[in-house]
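With the sequence shown counted from 1, adding 392 to any position gets you the numbering used here. Positions of the beta carbon are idealized from the N, C-alpha and C atoms, including for glycine. Since we're looking at a predicted model, the values are computed, not measured. Single-structure report; data block below.
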Amino acid sequence: MNAHKKFFSKIGADYFILGIMTIVFQAIIINIINVINPIYLNDFNILTALSALCNYILPFPIFYLLMKRLPSQTIEKHSIDFKTLLKYIAITITLMQIGNIISVVITAILSGAIQSEITNPVHQLINNNNILINLLVISIIAPIFEEIFFRKFLIDRTIKYGARVSIILSAALFGFFHGNINQFFYTFLMGGFFAYVYIKTGKITYPIILHSIINMIGSVLSLFIQSSISNLKTAINPMDLGLLIIYFLIIFLSLLIGVWSLFNYKQAKFNGEKTEINLKYPLNTVFVNYGMIIFIGFFIILMVKQAFF
Numbered sequence: 393m394n395a396h397k398k399f400f401s402k403i404g405a406d407y408f409i410l411g412i413m414t415i416v417f418q419a420i421i422i423n424i425i426n427v428i429n430p431i432y433l434n435d436f437n438i439l440t441a442l443s444a445l446c447n448y449i450l451p452f453p454i455f456y457l458l459m460k461r462l463p464s465q466t467i468e469k470h471s472i473d474f475k476t477l478l479k480y481i482a483i484t485i486t487l488m489q490i491g492n493i494i495s496v497v498i499t500a501i502l503s504g505a506i507q508s509e510i511t512n513p514v515h516q517l518i519n520n521n522n523i524l525i526n527l528l529v530i531s532i533i534a535p536i537f538e539e540i541f542f543r544k545f546l547i548d549r550t551i552k553y554g555a556r557v558s559i560i561l562s563a564a565l566f567g568f569f570h571g572n573i574n575q576f577f578y579t580f581l582m583g584g585f586f587a588y589v590y591i592k593t594g595k596i597t598y599p600i601i602l603h604s605i606i607n608m609i610g611s612v613l614s615l616f617i618q619s620s621i622s623n624l625k626t627a628i629n630p631m632d633l634g635l636l637i638i639y640f641l642i643i644f645l646s647l648l649i650g651v652w653s654l655f656n657y658k659q660a661k662f663n664g665e666k667t668e669i670n671l672k673y674p675l676n677t678v679f680v681n682y683g684m685i686i687f688i689g690f691f692i693i694l695m696v697k698q699a700f701f
């Protein structure tokens, strides 16, 4: 195995360890709660808070030390104007919708094949949570830590291989790490775009903002929309009707802008970021190594388990 494959193998191994840590911490915390009072585990709000603790807060220092062993470099920083930020938000919403459509089609095909519905665990979690919990954990804590894990830590260490390698790797690791088929496609697409934005600007705050907005739409605003739709089934309420009109108008305009931006995409220029190391066989070097194979295999097993068992 050459030096470059070893480098990416270490990255794969580190993210595999991160995945194992989240499971181990969950097992430890759940066992502790079982001893104290098992009834707490029936509360979705508590489970969501525990997921933030086990997925992000507890693994963070260990994962930081693991990634710190690998050499990194600083990406040149640039600011974007508000118009560009709005365009990026529109693209993010568009990619989320495209990914959702792919997920619905794939899960429908698989559900038909196994004669059993493949449920989305995220929807169940969001719909049973308090809105404040969704806001704090899903819309604030998760975007901050996930962007640090899958953009800041990762891209600072792989940008020397070029923006394309960093973007594809960030998208793949981010998609697989969610561990279920329902989320894989839209997290893959959005993860790649967040990587693009980070490389373009050198500021992790922009991907965090985009990530936070899209999570807020899915975990907070969606609850208000569901409530308004439910209310309108019994009586016409101007507030509920107005909210729905504004929501669908924003989504429609975002899709128009997002699709137009994607179709008018030109070769990205990354503010002077140059590929320092050209890989002869990039996909083979990045993904066909022990660490990446173990990482991908492990999360494919989780995805299959979630879908079929």
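message = Just verifying my parser: in three-state terms, what is the DSSP assignment at Ser503?
response = Along the sequence shown, one-based indexing puts residue 503 at 111. Looking at Ser503 - three-state DSSP - the assignment turns out to be helix.
query = In chain order, what residues of the same chain lie with their CB nearer than 6 Å to the CB of Leu581, ignoring the 5 residues before and after it?
reply = Within the sequence shown, the letter at position 189 stands for residue 581. Contacts found: Leu487, Gly491.
key: Spatially closest choice to Phe655 from Ile449, Ile483, Thr597, by CA coordinates   = Within the sequence shown, numbered from 1, the residue matching residue 655 stands at position 263. Taking each of Ile449, Ile483, Thr597 in turn and checking the Cα distance to Phe655, the smallest one comes out for Ile483.
key: Cβ neighbour criterion (16 or more within 10 Å) applied to Ala534   = By 1-based counting over the sequence shown, the position of residue 534 is 142. Its Cβ being crowded by 16 or more others within 10 Å, Ala534 is buried.
inquiry  = Check this for me: beta carbons of Pro463 and Arg556, under 8 Å apart or not?
reply    = Along the sequence shown, read from residue 1 onward, the residue named residue 463 stands at position 71. Along the sequence shown, read from residue 1 onward, the residue named residue 556 stands at position 164. In this structure, Arg556 does not lie closer than 8 Å to Pro463 by Cβ.
request  = Answer yes or no: do Asn681 and Phe455 have a C-beta to C-beta separation smaller than 8 Å?
outcome  = Locating residue 681 in the sequence shown gives position 289, counting from the first residue. Locating residue 455 in the sequence shown gives position 63, counting from the first residue. A distance of 8 Å or more separates the beta carbons of Asn681 and Phe455.
Glu538 burial status per 10 Å Cβ neighbour count (16 or more: buried) = Along the sequence shown, read from residue 1 onward, the residue named residue 538 stands at position 146. Buried, since its Cβ has 16 or more Cβ neighbours within 10 Å.
query = Quick one: any contact between the segment 438-450 and the segment 526-533, if contact means 3 or more CB pairs under 8 Å?
reply = Counting Cβ pairs under 8 Å, three or more are found: they touch.
task = Can you tell me which of the three DSSP states Pro451 falls into?
result = For the purposes of this step, residue 451 is taken as residue 59 along the sequence shown, with counting starting at 1. Correct three-state label for Pro451: coil.
query = How big is the Cα-Cα spacing for Ala699 and Gln575?
reply = Translated into positions along the sequence shown, residue 699 becomes position 307. Translated into positions along the sequence shown, residue 575 becomes position 183. Rounded to whole angstroms, Ala699 and Gln575 show a C-alpha spacing of 12 Å.
query = According to the Cβ coordinates, are Ile573 and Thr499 closer than 8 Å?
reply = Counted from its first residue, the sequence shown places residue 573 at position 181. Counted from its first residue, the sequence shown places residue 499 at position 107. It is a contact, given that the beta carbons lie within the stated cut-off.
key: Inter-residue Cα distance where the pair is Phe644 and Asn426   = The sequence position of residue 644 within the sequence shown is 252, counting from 1. The sequence position of residue 426 within the sequence shown is 34, counting from 1. So the alpha carbons of these two residues sit roughly 46 Å apart.
query = Which two residues bound the contiguous alpha helix (DSSP H) that contains His570?
reply = Mapped onto the sequence shown, residue 570 falls at position 178. That residue, His570, is in no alpha helix (DSSP H); it is neither H nor E in DSSP.
inquiry  = Buried or exposed, going by whether 16 or more other CB atoms sit within 10 Å of the CB of Gly571?
reply    = Your numbering for residue 571 matches position 179 in the sequence shown. So Gly571 ends up on the buried side.
message = With a threshold of 7 Å on Cβ separation, who are the neighbours of Pro451 within its own chain once the five nearest residues in sequence on each side are excluded?
response = As a working mapping, residue 451 is identified with position 59 in the sequence shown. Closer than 7 Å at Cβ, skipping near neighbours: Leu410, Met413, Thr414, Phe417.
task = Please state whether DSSP places Asp473 in a helix, a strand or coil.
result = Position 81 of the sequence shown, counting from 1, holds the residue named residue 473. Of the three classes helix, strand and coil, the one that applies to Asp473 here is coil, per DSSP.
ask   = Around the C-beta of Met631, are 16 or more other C-beta atoms found within 10 angstroms, so that it is buried, or is it exposed?
value = Stepping through the sequence shown from its first residue, residue 631 is reached at position 239. Exposed is the call here.
key: Where Val680 sits in the DSSP three-state scheme   = The residue you call residue 680 lines up with position 288 of the sequence shown. Three-state result, Val680: coil.
Three-state secondary structure assigned by DSSP to Asp406 = Taking the sequence shown and counting its residues from 1, one reaches residue 406 at position 14. It is helical.
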